[in-house]
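Protein chains in written order, with the working numbering: chain A, 1 to 244; chain B, 1001 to 1184.
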């Protein structure tokens, strides 16, 4: 570990020593003990962090905020309508279970037939309202790194293991009973959302890339041998086309 | 939840939630709204949280989500993000300089840090959360938190350094003796 790496790690070390027992910091702390320059830097960093924290904690709270919060909280919990009483809620829950069982049975039958328009609309909506999601786990990080490379062409086959992505905690949407994984990445400063699912047995799958736009978000759908892909971005069709 | 329990929860967390909100929002009024909205969500859904130890993390996560929900997409500032890393690293700021600064100035500088770095930075400074707790609250990988803390600190240091220079330089108004002559 060189001093740059040690500094990177030590910047996350909380002033006050709360992280002293965390093994992640041990090597960097040991390095600081050995290297006088790094030691001096770490002392200044900790002193500065302590000073910044103290200043921020001293920012005054507006008068009346506490009372507003308490009043708002009471209003949202105190007045319960008749239909919010436990007995009625239990009855409603029973009815809901019966209805949802029927709906589940119907939706399972429908799930095999994926409506591609519904899939695209839901993804465009998700991309428009969702935030960029951090990758999770080694497989997702590897995929994000691969997708972010300027030379990667997404229309060409690339290694993808949906099972590993899911077990790593990759964000998953449910579209008409189908699991769709989302991976976000950046290319040339622009943000893209790639949604992937196992290739469905639909006869309507596009032969080539199919572009759609909705509320300023553009998407392209294409299919490979094993997967169906939808990529969304607010950067427009040209930007999407450049990645294929 | 009883009123007493709710009051205790508010008393325990509303100052730090407000300060976290203030670092994210555009104004004090927006920050108050965010803090209030967070407790409103708690009053509605908090009972579903089974682990009492996670209340604090739940509140900060909820406030951050409410903030993200409320702000328009792609609004984050990127001016400082465009500065090269080495330029940010070069900014020197002694701890004593920070100690001599007004708390409002430090908060104002924090609010100018890019939004993506601001949230982890605020939780680090205001709540003494570890990088792992920040990762959980913001739902980002731990390595990303470390990286954002490093970059966010560099931005904050550069901003505070520029403010300390501005405030310490004395502006001497130019006085032309001829101007003192009466006209007419």
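Glycine included, each C-beta is placed from N, C-alpha and C at the ideal position.
Asked, Found
"Any contact between the stretch 26-36 of chain A and the stretch 237-244 of chain A? By contact I mean 3 or more CB pairs, one from each, below 8 angstroms.", "no"
"Roughly how far, in whole angstroms, is the beta-carbon of residue 1131(B) from the beta-carbon of residue 1119(B), given that I think they are within contact range, below 8 angstroms?", "13 angstroms between Cβ atoms; not a contact."
"Can you list the residues of chain A that residue 1153(B) reaches, using a CB-CB cut of under 7 angstroms?", "11"
"According to DSSP, which residues form a beta bridge with residue 187(A)?", "190(A)"
"Specify, as a first and last residue, the run of the alpha helix (DSSP H) that residue 228(A) falls within.", "Per DSSP, residue 228(A) belongs to no alpha helix (DSSP H); it is in the beta strand (DSSP E), 227-233."
"In three-state terms, what does DSSP make of residue 138(A)?", "helix"
"Quick check: what's the CA-CA separation for residue 1056(B) versus residue 1096(B)?", "32 angstroms"
"Under a Cβ-count criterion, where at least 16 other Cβ atoms within 10 Å of its own Cβ denotes burial, should residue 1062(B) be classed as buried or exposed?", "buried"
"Assess, as a yes-or-no matter, whether the stretch 1015-1027 of chain B is touched by the stretch 51-60 of chain A under the definition of 3 or more beta carbon pairs within less than 8 angstroms.", "yes"
"Can you give the Cα-Cα distance for residue 1177(B) and residue 188(A), rounded to whole angstroms?", "Any reading at residue 1177(B) must be qualified, since the residue scores a pLDDT of 43, below 50, and its modelled position is unreliable; the value itself is stated next. Between residue 1177(B) and residue 188(A), the C-alpha separation is close to 58 angstroms."
"Could you tell me the alpha carbon to alpha carbon distance between residue 48(A) and residue 1098(B), rounded to whole angstroms?", "7 angstroms"
"To the nearest angstrom, report how far apart residue 12(A) and residue 1161(B) are at their CA atoms.", "21 angstroms"
"Do you know how far the Cα of residue 123(A) is from the Cα of residue 219(A)?", "9 angstroms"
"Excluding the 5 residues flanking residue 216(A) on each side, which residues of the same chain have their C-beta closer than 8 angstroms to its C-beta?", "128, 234"
"Tell me, to the nearest whole angstrom, how far the beta carbon of residue 1138(B) is from that of residue 1122(B); I am working on the premise that it is less than 8 angstroms.", "About 10 angstroms separates the two Cβ atoms, so there is no contact after all."
"Taking Cβ positions only, does residue 150(A) come closer than 7 angstroms to chain B?", "no"
"Skipping 5 residues on each side, what residues in its chain have a beta carbon closer than 6 angstroms to that of residue 1164(B)?", "1097"
"Please return the same chain residues whose Cβ sits closer than 8 angstroms to the Cβ of residue 33(A), not counting the five positions on each side in sequence.", "39"
"Using the rule of at least 16 other Cβ atoms within 10 Å of the residue's Cβ for burial, across every protein chain shown, is residue 15(A) buried or exposed?", "buried"
"Roughly how many whole angstroms lie between the Cα atoms of residue 2(A) and residue 21(A)?", "21 angstroms"
"With DSSP as the reference, label residue 68(A) as helix, strand or coil.", "helix"
"Alpha carbon to alpha carbon, how far is residue 1149(B) from residue 1115(B)?", "12 angstroms"
"Using only alpha-carbon positions, find the residue among 64(A), 73(A), 121(A) that is nearest to residue 1037(B).", "73(A)"
"Can you tell me whether residue 226(A) is buried or exposed, with buried defined as 16 or more other CB within 10 angstroms of its CB?", "exposed"
"If I measure Cβ to Cβ from residue 1042(B) and keep anything under 6 angstroms in the same chain, skipping five residues before and after, which residues do I get?", "none"
"In three-state DSSP terms, what is residue 182(A)?", "strand"
"Alpha carbons only, please: which of 62(A), 50(A), 70(A), 9(A) is nearest the one belonging to residue 1006(B)?", "70(A)"
"Determine, using beta carbons only, whether residue 188(A) comes closer than 7 angstroms to chain B.", "no"
"On the DSSP bridge list, what partners appear for residue 212(A)?", "219(A)"
"Taking CB distances under 7 angstroms as the criterion, tell me whether residue 1053(B) reaches chain A.", "no"
"For residue 1113(B), does the three-state DSSP call read helix, strand or coil?", "coil"
"Rounding to the nearest angstrom, what Cα-Cα distance links residue 184(A) and residue 43(A) in this structure?", "38 angstroms"
"Judging by CA-CA distance, which residue of 192(A), 180(A), 61(A) is the nearest neighbour of residue 198(A)?", "180(A)"
"Strictly below 8 angstroms CB to CB, what residues from chain B border residue 68(A)?", "1032, 1036"
"Between which two residues does the alpha helix (DSSP H) containing residue 1065(B) stretch?", "1055-1070"
"Ignoring anything shorter than 4 residues or poking outside the stretch 1103-1167 of chain B, list the alpha helix (DSSP H) runs there in chain order.", "1103-1110, 1115-1126, 1131-1138"
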